[in-house]
Amino acid sequence: MKSAVLGFNLFVSLLAGLASATTLTTIPSSGLVSGAPGQDAGWGFSTTNDSVTQTLSFGQSFLIDETNPLLGSYTDLIGPQGGPDNFSVDIAQSWSEVFDESSQQGLGFYSIDPSAVVGSSDSGFISVFYNFADGTPGSIEVPFTVTVTAPVPEPGAGWTMLASCIFLLGWRAGRLRLSPQGRRRGAKLQLREACR
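Just so you know, the sequence shown maps onto residues 157 to 352 in my numbering.
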């Protein structure tokens, strides 16, 4: 009887060791991102498939328990990828991506409403769903916060505007100094000197 109980305990311990656990953290690890009204702010991620028997595939991610859902909208990026290798994460492997909207990499991104007020925020959880190769589903929830910041002026725009104003003022002043006759005489003199 003792050997049967010991064998059963060993079997349960073995199954517990094979039980899969998946970890996922956001990049940045705090889950805090920010952007100006009308901009997108996103998260990268790092995940590990701790299963020693099965691959896993990510299906989708979305926001839950939001404090201010009207601040913007979320777009899933991890779901369409599924994983780095044939739409899956291999046994005992890790997968990481930084957020890059142009190449559609990362966990997802938040499009901040163009009319959002600077200083407002939305927080809650990003719920990420996945399935193991045998169809066993799972989910992970990671906290997030999006904060609206003031738009950053485009570098160099002020200098371009200043140079344009100075040019226009100088051009206008030069036109006002010459009378209509002076302009004609000046043009004739320039033409004569150019022909010499």
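The C-beta atom is built at its ideal place from N, Cα and C for all residues, glycine as well.
Quick one: what's got a C-beta closer than 6 Å to residue i's C-beta in the same chain, skipping five residues either side?
i	result
serine 202	Thr181, Ser252
leucine 188	Thr301
serine 279	Thr223, Thr301
threonine 204	Thr179, Ser250
Less than 7 Å between C-beta atoms, sequence neighbours within five positions excluded: which residues of the same chain meet that for residue i?
i	result
glutamine 210	Ser176, Ile247, Phe288, Ala289, Asp290
isoleucine 296	Thr178, Leu180, Val284
isoleucine 234	Phe201, Phe214, Ser217, Leu263, Gly264, Val284
What does DSSP give as the partner residue(s) for residue i in the beta ladder?
i	result
alanine 197	Tyr266
threonine 181	Ser202
isoleucine 296	Val284
threonine 305	Beta-bridge pairing links threonine 305 to no other residue.
glycine 370	There is no way to answer for residue 370, as the model of the chain reaches only from 157 to 352.
If you reduce the DSSP assignment to three classes, tell me which class residue i lands in.
i	result
serine 283	strand
serine 202	strand
serine 259	helix
Between residue i and the rest of its own chain, which residues show a CB-CB distance below 8 Å, the 5 nearest in sequence each way excluded?
i	result
valine 142	Because the chain here runs from 157 to 352, residue 142 falls outside it and cannot be looked at.
Can you round the beta-carbon distance between residue i and residue j to whole angstroms, since I take them to be within the 8 Å contact cut?
i	j	result
glycine 215	glycine 262	Not quite, the Cβ-Cβ distance comes to about 16 Å (not below 8 Å), so this is no contact.
phenylalanine 255	threonine 231	Between threonine 231 and phenylalanine 255 the Cβ distance is about 11 Å, and since that is not below 8 Å, they are no contact.
leucine 219	isoleucine 322	Leucine 219 to isoleucine 322, Cβ: 49 Å. No contact.
glutamate 257	glycine 198	6 Å
I'd like the ranges of any beta strand (DSSP E) spanning at least 3 consecutive residues and lying wholly in the segment 216 to 254. Within the segment 216 to 254, the complete beta strand (DSSP E) segments at least 3 residues long are 228 to 232, 250 to 253, listed from N- to C-terminus.
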